[in-house]
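Accompanying notes for the structure given below.
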Amino acid sequence: MTIVNQMRRQSAKRFLAPGAVFALVVQVLTVGFLVAPKFQPEASAATTIQLTKTAPRSVLAGAEATYRLTVTNPGDTVEFNVSFSDVLPNEARFVAGSVVPASAGNPRVSINPDTSQQVLQWLNVADLGPGASTSIEFKVTLGEAGKEVGNTLINNSFAASQTNPRVVPRFNAAGVPVPGSYTESAS
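Residues in the sequence shown are numbered from -10 upward in steps of one, following the working numbering.
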């Protein structure tokens, strides 16, 4: 299973007034053994890094939400150049300067030409020894007053790493790791 954060848009009959709440649901599944062929590393038979994501269950329309991405290396080899991407829902926008740790810096922000979604990319954030993990936390502004009550937003995240310390993983316009640029990936 490679789709970690599966969500579906739900319609409601009422509309939000200013200050109303809509739900942001993030379902996270750690990928350790099952990887779809398009995300399968070319040089490895099994994925070893694991990605988890946390976010609030509900957020006021127009308010900020904090996302946290964590990559863990349960394997027995060093994973170099751990990189993250996060594909924000159309209703969300990255808040510049909100990244923790600050040493990770603001991500490269691009717009997916097919979906108009913001794609955030942090490259070469950390090297992870066996059993180590690293996290990035950042804020997004979600929607505005006038959205339907009960909207559920889709949000996908990816992580990739390399066993070669001289190669940094890359992501395509949709935020998906580019085959051949990584040896391990998770979503």
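Cβ coordinates follow ideal geometry from the N, Cα and C atoms, glycine included.
- When the Cα atoms are used, N161 and L112 turn out to be separated by approximately 13 Å.
- Per DSSP, I125 is one residue of the beta strand (DSSP E) stretching across S122 to L131.
- For S99, the enclosing beta strand (DSSP E) has its first and last residue at R97 to I100.
- Taking C-beta atoms as the reference points, K42 and S146 count as a pair closer than 8 Å.
- Less than 8 Å divides the Cβ of A115 from the Cβ of T123.
- Each of T59, E53, P119 and L109 was checked against the Cα of T152, and the nearest Cα belongs to P119.
- The criterion of a C-beta distance shorter than 8 Å is not satisfied by S74 and Q106.
- With respect to the 8 Å criterion, A175 and V71 are not classified as neighbours on the basis of their beta carbons.
- In this model, N144 and V76 are separated by some 6 Å (Cα to Cα).
- The Cβ atoms of L40 and V67 lie no closer than 8 Å to each other.
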